[in-house]
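**Q** Sharing a structure with you now.
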Amino acid sequence: MSYCENCGTKLSGGICSNCQEELYIFTEQNEFLPDNISDDFNNAVKEQRIKAKKNIKKYYKDLNKEEEQ
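Under my numbering, think of the first position of the sequence shown as 731, with each following residue one higher.
Rendered as structure tokens:
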């Protein structure tokens with residue numbers, strides 16, 4: 731799972747800097763972000779975090795299936 735399934739970009743910590751741009755910015759630049767982040771940005775981060783967790787779980791589930799065969 732080192733590359734995004736959607737666009738082929740190399741993942742950083744399981745996050746695509748293209749498809750999950752807000753989550754990537756939030757994760758990589760958290761200490762430098764202003765205190766007044768928009769609600770739209772925060773909502774996008776939440777949604778992308780949920781999708782990233784699902785993708786990671788799916789990856790490990792698929793990996794375990796491959797090892798069992």
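For every residue, glycine included, the Cβ atom is placed at its ideal position computed from N, Cα and C.
Give me the residue from N773, D765, E761, P764 with the minimum Cα distance to E751.
**A** Measuring from the Cα of E751, the nearest candidate turns out to be N773.
**Q** Residues bridged to S768 by DSSP?
**A** Bridge partners of S768: none, in fact.
**Q** Going straight from the alpha carbon of E761 to that of Q799, what length do you get?
**A** Between E761 and Q799, the C-alpha separation is close to 44 Å.
**Q** Using the rule of at least 16 other Cβ atoms within 10 Å of the residue's Cβ for burial, across every protein chain shown, is C737 buried or exposed?
**A** Under this definition C737 is an exposed residue.
**Q** In terms of residue numbering, what span does the alpha helix (DSSP H) encompassing I745 cover?
**A** No alpha helix (DSSP H) contains I745, which DSSP labels as neither H nor E.
**Q** Using only the alpha-carbon positions, how far apart do N748 and K781 sit?
**A** Approximately 14 Å between the Cα atoms of the pair.
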